[in-house]
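The numbers in the numbering used here rise by one with no breaks, and the one at position 219 of the sequence shown is 219.
Ideal Cβ positions, reconstructed from N, Cα and C, are used throughout, including at glycine.
None of these values were measured; they are calculated from a predicted model.
Before any comments, here is the structure.
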Amino acid sequence: MFKVVTSRMIVPNMHLLTLEAPAVAREAKPGQFVIIRAEEEGERIPLSISDWDEQMGTITIVYMNVGRTTDRLASLVEGQEIPTVVGPLGNATDIEKYGTVLLVGGCYGIGSIFPIARALKEAGNKIVVLIEGRSSYLFYWEDRYKAIADKFVQITRDGTKGYKGHVDRLPEIIKSLDTPVDRVIVNGCTYCLKRVSDATRPMEIPTWVSLNPIMIDGTGMCGVCRVSVGGETRFACVHGPDFDGHQVNWEELLQRRKTYMPEEVVPLRTSKSEEHPHQHREGCHG
Ligand code: FES
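So, in structure tokens, the structure goes:
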């Protein structure tokens, strides 16, 4: 069993969970994820690791409450336990000295891209961190990023902070920097990953996205997480989760992610008087 150290909502509908998981904390690397079950008979869902503390034996996850399992997680309080935390899974993000790296985080990705940003900075890169969201009240960990980023940029749909709009504004932001961008890395919901990839494709900037398809075992055995990249079938759990965003078949991935949407919504409707106002708006588990 894995004990809950911290469980709290950090901004509306976005939750931070710190768990005692010493074996995972010992091995975790930037870009990896865990598969968890919130209860014995529960489903298995993949969640990116947003931080870890090897000394304390803890890992921290930031996730969005979008379905039955994340709703159950959100109800946990300090001292409770969950039955399954498997990981770290997936390949770590490649950390090298690239030059200038633009890191884009949206939604839960504002959390999960943090260890990648930190490691790239330690590797000697200049890092530009861009976080995006519908409104500034959905941002978190801004202080953490300001402390390590060479430049910190925000985009909000409603213009309450930084640039107004969506990640489609990336080309003008990149052009406004005093240095060429050598690599873009994106964590967040599938729409965000796609839109960043679409924006950087004409600029021919290598763009790596952390894919978040539905997963079951997370070890390459069930095939549920298959994605098409460069015309080849890949399993996100063992070949990824990072892939070349310019090669991903986004239409297929977006379609596959909707597979269990009705099953996600029905139990929530029956367990609550009304559907949660934020359910499925972003369409990601985190
Ligand atoms: Fe089963 Fe990837 S989750 S093969």
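Inset, instruction - Take the Cβ of residue 202 as the centre, count every other Cβ of all protein chains shown within 10 Å, and call the residue buried at 16 or more, exposed below. - result: Counting Cβ neighbours within 10 Å, residue 202 comes out exposed, since fewer than 16 surround it.
Inset, instruction - Look at the alpha carbon of residue 17 and the alpha carbon of residue 143, and state the distance between them as a whole number of angstroms. - result: When rounded, the separation of the alpha-carbon atoms in residue 17 and residue 143 is 19 Å.
Legend entry - Beta-carbon proximity check, residue 136 vs residue 100, cutoff 7 Å: No, Cβ-Cβ distance for residue 136 and residue 100 is not below 7 Å.
Inset, instruction - Measure the alpha-carbon distance for residue 238 versus residue 192 and round it to whole angstroms. - result: 22 Å
Inset, instruction - Go ahead and pull the three-state DSSP assignment for residue 26. - result: Correct three-state label for residue 26: helix.
Inset, instruction - Pick out the complete alpha helix (DSSP H) segments inside the segment 52 to 106, 4 residues or longer, and give them in chain order. - result: 68 to 74
Legend entry - Complete runs of the alpha helix (DSSP H) confined to the segment 157 to 232 [at least 4 residues]: At a cut-off of 4 residues, the continuous stretches assigned as alpha helix (DSSP H) that sit fully inside the segment 157 to 232 are 170 to 176, 190 to 200.
Legend entry - Distance between beta carbons of residue 139 and residue 127, contact taken as under 8 Å: Rounded, the Cβ-Cβ distance is 18 Å, inconsistent with contact.
Legend entry - Cα-Cα separation, residue 19 to residue 27: 15 Å
Inset, instruction - With hydrogens ignored, establish whether the beta-carbon of residue 86 is closer than 6 Å to any heavy atom of ligand 1. - result: no
Inset, instruction - Kindly examine ligand 1 and report whether one of its heavy atoms sits closer than 6 Å to the Cβ of residue 231. - result: Relative to the non-hydrogen atoms of ligand 1, the Cβ of residue 231 never comes closer than 6 Å to any of them.
Inset, instruction - Rounded to whole angstroms, what's the CA-CA distance from residue 64 to residue 245? Just pull it up for me. - result: 23 Å
Legend entry - Classification of residue 77 by the beta-carbon crowding that lies within 10 angstroms, buried from 16 upward: Per the 10 Å Cβ criterion, exposed.
Legend entry - Cross-strand partners of residue 247 (DSSP beta bridge): DSSP output for residue 247 lists no bridge partner at all.
Inset, instruction - Using the Cα positions of residue 225 and residue 180, report the straight-line distance between them to the nearest angstrom. - result: 34 Å
Inset, instruction - Name the residue from 133, 54, 15, 113 whose alpha carbon lies nearest to the alpha carbon of residue 70. - result: 15
Legend entry - Nonlocal neighbours in the same chain, by C-beta distance under 6 Å from residue 113, ignoring five residues either side: 103, 105, 187
Legend entry - Burial state of residue 190, where buried means 16 or more other Cβ atoms lie within 10 Å: By the neighbour-count criterion, in which 16 or more other beta carbons inside 10 Å mark a residue as buried, residue 190 falls on the buried side.
Inset, instruction - Could you please give the first and the last residue of the uninterrupted beta strand (DSSP E) stretch that includes residue 114? - result: Unbroken run through residue 114 is the alpha helix (DSSP H), 114 to 122; no beta strand (DSSP E).
Legend entry - Per-residue DSSP class, three states only, for residue 273: Its pLDDT being 42, under 50, residue 273 is placed unreliably in this model, and the coordinates cannot settle the point.
Legend entry - Cβ contact check for the segment 82 to 98 and the segment 34 to 50: 3 or more pairs under 8 Å: Yes, since at least three Cβ pairs between the segment 82 to 98 and the segment 34 to 50 fall closer than 8 Å, the two stretches touch.
Inset, instruction - Would you mind sorting residue 254 into buried or exposed? The rule is 16 or more other CB atoms within 10 Å of its CB. - result: It counts as exposed.
Inset, instruction - Spatial neighbours of residue 272 within its chain, please: CB distance less than 8 Å, with the 5 preceding and 5 following residues excluded, ordered by chain position. - result: Caution is warranted here: a pLDDT of 49 is assigned to residue 272, below 50, making its placement in the model unreliable, and no coordinate value can be reported.
Inset, instruction - Starting from residue 235, follow its DSSP beta bridges and name the residues at the other end. - result: 226
Legend entry - Same chain only: Cβ atoms within 8 Å of residue 24, ignoring 5 sequence neighbours per side: For residue 24, where only same-chain residues beyond five positions count, the Cβ hits under 8 Å are 34, 49, 52, 59, 85, 87, 88.
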